[in-house]
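Data block below; observations after.
Residue numbers (this note's numbering), protein chains in the order written: chain A, 1238 to 1562; chain B, 29 to 278.
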């Protein structure tokens, strides 16, 4: 699609509008609480939007998607801590390195299909986690702590938190634009064909091995940068937090809730899920109650609304298909 | 006539079953070659070997002077060789138009999305799917899906088209329409290799016929020659009605 045609599409402007709301809303009144809330929503959106490239477009369920987030975090924190790299350079390098690593993994495990691929992705996450937990330069099981000096180049801790927040909002916007760009491209059409029927797609001329490896690699880039920013902000990273399968599974719930294969669905799902989560987290009776809800939610969606919220909206009002992709 | 496709000494074994053996044939430019044989003769396997779904154990597939033996299906399409499936394979949740666009933009000419849409609309019109363009492919009738198979393959702008039983499961009216479409495809300069069980149709459409039995070539020649060949009739005898029909056509 030409740049001019992109600018005429409502979806593009919607993404810009959402990013602006995210960026501006907590600024008024210096609302740190809202900022932290939205920051988590942005992380969910980033994870879900990129996971959607695999699940919704190519039809490959990546259960271990969090490995990109965790590895990105580790690389960035390590580069900042041990080599004194500036945050931006470290985060970008982490994105590139993880993306490249994903390409290598992808060429291997994307020969598998269906349940076997899903199992292999869990294997990749657990394998990397075990490796990192025993890797002394990265602190092994104790992980890496950042000293407060790491925030000095960003003008101190308080200002650094704002800068990281804006960077994450930017990564969120880029994730949605990437989803959108791929969806409206020839590459995206090829992926959707693979998602529908891989053998038929190959017979029609879609270069399936290359496309699958490329989308797997692409889906690693922005989550890795998000992980870099997130763990830089936490000033602490350890294997259990970085490669947490719970977050991986939550990302899948978010994609299914919002509507797999759509551009705005994962964002909608992420926002709703994060709101639900923060409400339930404060419940006294049950810690991590959101996970119970998430499980039930996933069952209900898969059984009754496989298209998720956006799928339901598209079916209910077919005209919205042209406006909201 | 120069050979467009040349299959030389092709062989393929699945476990204990020799699916195809010592098979050689060629197709000239502008020709319609019929591939017939009893069930299990290896016809669809030949298609799968030619378009790269399987790689042969031995032998060569030469297309337009290039050896394409064993290359992947998506590369075969780029060479200008497209196919349809005996069991229809629609991209079910995508629209008919999108199905055709996939065929066009990953076909021989490797078109951009915008150009592919133009080709897709034109081809859909040619095979009679224009009024179903927006429907999900999975919702088409069996005749519609067969036509979609054909449309997607044509969208690739092939030089040679492999048709795997495009007439099976159609009612007589639909068969008539499809035969008309196949003739017009050939008139546009596309060569065709087709598998078909409907004897009447394949006898009238084909310029030449190759008969397969148990993976081997049993006979080859003009439709009338093949139909009168005692070996062919014998091969079909297990299928008495087909043998009778063959006689009737000669």
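Here a beta-carbon is modelled for each residue, glycine too, at the ideal position from N, C-alpha and C. Predicted, not measured: the structure shown is a model, and the values here were computed from it.
Exercise. Should residue 131/B be flagged as near chain A, meaning a C-beta pair shorter than 8 Å?
Worked result: yes
Problem set entry | Opening and closing residue of the alpha helix (DSSP H) in which residue 1548/A lies | 1545-1553
Problem set entry | Interface flag, residue 140/B vs chain A, CB-CB below 8 Å | yes
For this session: Go ahead and pull the three-state DSSP assignment for residue 1460/A.
Result: helix
Exercise. Which one of 1541/A, 1482/A, 1501/A and 1470/A has the shortest CA to CA distance from residue 1393/A?
Worked result: 1470/A
Problem set entry | Alpha carbon of residue 103/B to alpha carbon of residue 1417/A, nearest angstrom | 28 Å
For this session: Could you tell me how far apart the beta carbons of residue 1445/A and residue 1431/A are, in whole angstroms, since I believe they sit closer than 8 Å?
Result: 6 Å
Problem set entry | For residue 1492/A and residue 105/B, the rounded distance between their alpha carbons | 34 Å
Problem set entry | the region 1306-1314 of chain A / the region 1447-1462 of chain A touching (three or more Cβ pairs under 8 Å) | yes
Problem set entry | Whole-angstrom distance between residue 1281/A and residue 1488/A, CA atom to CA atom | 7 Å
Exercise. Under 8 Å, do residue 168/B and residue 207/B count as touching if we go by C-beta distance?
Worked result: no
For this session: Count the other C-beta atoms from every protein chain shown that fall within 10 angstroms of the C-beta of residue 1643/A, then say buried if there are 16 or more, exposed otherwise.
Result: There is simply no residue 1643/A to check, as chain A begins at 1238 and stops at 1562 in what is shown.
Exercise. Along the chain, where does the alpha helix (DSSP H) that runs through residue 206/B open and close?
Worked result: 200-215
For this session: For residue 84/B, collect the residues of the same chain with a Cβ closer than 8 Å to its Cβ; drop the 5 residues on either side in sequence, then sort them by chain order.
Result: 38, 39, 40, 48, 77, 97 and 98
For this session: Pull up the distance between the alpha-carbon of residue 1410/A and that of residue 1292/A, whole angstroms please.
Result: 20 Å
Exercise. Is the distance from the Cβ of residue 1303/A to the Cβ of residue 1485/A below 8 Å?
Worked result: yes
Exercise. Quick one: is residue 1353/A buried, meaning 16 or more other Cβ sit within 10 Å of its Cβ, or exposed?
Worked result: exposed
Exercise. For residue 86/B and chain A, any beta-carbon pair shorter than 8 Å?
Worked result: no
For this session: Identify each residue in the region 1478-1509 of chain A for which the Cβ-Cβ distance to at least one residue of chain B is less than 8 Å, and report them in chain order.
Result: none
For this session: Quick one: which residues of the region 171-202 of chain B get their C-beta closer than 7 Å to a C-beta of chain A? List them in chain order.
Result: 180 and 184
Problem set entry | Proximal chain A residues relative to residue 135/B, where beta-carbon distance stays under 9 Å | 1441 and 1442
For this session: State the DSSP-derived secondary structure class of residue 224/B, mapped to helix, strand or coil.
Result: coil
Exercise. Where does the unbroken alpha helix (DSSP H) through residue 1307/A begin, and where does it stop?
Worked result: 1303-1320
Problem set entry | Inter-residue CB distance, residue 1531/A and residue 1305/A (contact presumed, cutoff 8 Å) | 20 Å between Cβ atoms; not a contact.
For this session: Please list the partners that residue 1426/A has in chain B, where partner means a Cβ-to-Cβ separation under 9 Å.
Result: 122, 126, 129, 130, 133, 134, 141 and 144
For this session: Rounded to whole angstroms, what's the CA-CA distance from residue 124/B to residue 217/B? Just pull it up for me.
Result: 25 Å
For this session: Could you work out which residue in 229/B, 180/B, 140/B and 50/B is closest to residue 199/B when comparing CA atoms only?
Result: 229/B
Exercise. So, does the CB of residue 1449/A fall closer than 8 Å to a CB anywhere in chain B?
Worked result: no
Problem set entry | Cross-chain neighbours of residue 154/B in chain A, by beta carbon under 8 Å | Result: empty, since nearest Cβ-Cβ is about 18 Å, beyond 8 Å.
Exercise. Are any of the Cβ atoms in chain B nearer than 8 Å to that of residue 1287/A?
Worked result: no
Problem set entry | Under 8 Å between C-beta atoms of residue 1285/A and residue 1498/A | no
Problem set entry | Distance CB(residue 148/B)-CB(residue 132/B) smaller than 8 Å | yes
Exercise. What residue from 1538/A, 1440/A and 1256/A has the CA that sits closest to residue 79/B's CA?
Worked result: 1440/A
Exercise. Name the chain B residues whose beta carbon is nearer than 7 Å to that of residue 1433/A?
Worked result: 119, 120, 121 and 122
Exercise. Counting only beta-carbon atoms, is residue 1420/A nearer than 8 Å to chain B?
Worked result: no
For this session: Give me the Cα-Cα distance between residue 1283/A and residue 1406/A, rounded to the nearest whole angstrom.
Result: 9 Å
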